[in-house]
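J.: Just so we're aligned: the sequence shown equals residues 1 to 117 in UniProt numbering. Built from N, CA and C at the ideal position, the CB exists for glycine as well.
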Amino acid sequence: MIVEQRLYTFHPGKLQEFLRIYEAEAMAVQLEYLPHMLGYYVTEVGLLNQVTALWGYASMQDRMDRREALFADARWIAYLDKVRPLMSAQECRLLRPAAFFKQRLAAQLALASKENP
1 MIVEQRLYTF
11 HPGKLQEFLR
21 IYEAEAMAVQ
31 LEYLPHMLGY
41 YVTEVGLLNQ
51 VTALWGYASM
61 QDRMDRREAL
71 FADARWIAYL
81 DKVRPLMSAQ
91 ECRLLRPAAF
101 FKQRLAAQLA
111 LASKENP
């Protein structure tokens, strides 16, 4: 199991526009391919105008396969064309759970699968 942490930084004044577009046009599409959304957060303190998204995957191959399918969807590409100009930076980290957390992560992935069949 792995967790992908994606950090997006937006130009000042563009965060709310991004969130509106994502919720209205992209979240449902993304969940069709990436059903294990573990969290979606907005920075309140520190460097502002940021969103952190956490996604769970069974393996690196699972991640690659799911993202390849997502990027083959014309709806996703149209969404990216709208939001990329709003961003100033993007980061991605792949995280491996500590041994004592693997069982809890597996339970969270199972719950996310039930919420987003």
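Sort out for me which residues DSSP pairs residue 37 with in a bridge.
T.: DSSP output for residue 37 lists 55 as bridge partner(s).
J.: Report the rounded CA-to-CA distance for residue 29 versus residue 87, giving the unit in angstroms.
T.: Those two C-alpha atoms are separated by around 20 Å.
J.: Please tell me whether, using a cut-off of 8 Å, the distance from the CB of residue 54 to the nearest non-hydrogen atom of the ligand ATP is below it.
T.: Ligands in the displayed structure: none, and consequently the ligand ATP is not present.
J.: In chain order, which continuous runs of the alpha helix (DSSP H) of length 4 or greater are located wholly inside the stretch 40 to 98?
T.: List check, alpha helix (DSSP H) in window: 60 to 71, 74 to 83.
J.: Where do the ends of the beta strand (DSSP E) carrying residue 4 lie?
T.: Its beta strand (DSSP E) spans residues 2 to 10.
J.: Could you give the first and the last residue of the continuous alpha helix (DSSP H) run that contains residue 100?
T.: Neither: residue 100 is in no alpha helix (DSSP H) and is coded neither H nor E.
J.: Counting pairs of beta carbons, one from the stretch 70 to 86 and one from the stretch 38 to 55, are three or more of them closer than 8 Å?
T.: Because the criterion of three Cβ pairs below 8 Å is not met, the stretch 70 to 86 and the stretch 38 to 55 do not touch.
J.: Select from 1, 2, 3, 8 the residue whose C-alpha is nearest the C-alpha of residue 89.
T.: With distances taken between Cα atoms, residue 89 lies closest to 8.
J.: Residues in its own chain within less than 8 Å of residue 39 by CB, not counting five upstream and five downstream?
T.: 52, 53, 54, listed in sequence order.
J.: For my contact list, residue 33 and residue 69 are in at a C-beta cut-off of 8 Å; report their separation, rounded to the angstrom.
T.: Their Cβ separation, rounded to whole angstroms, is 5 Å, which keeps residue 33 and residue 69 in contact under 8 Å.
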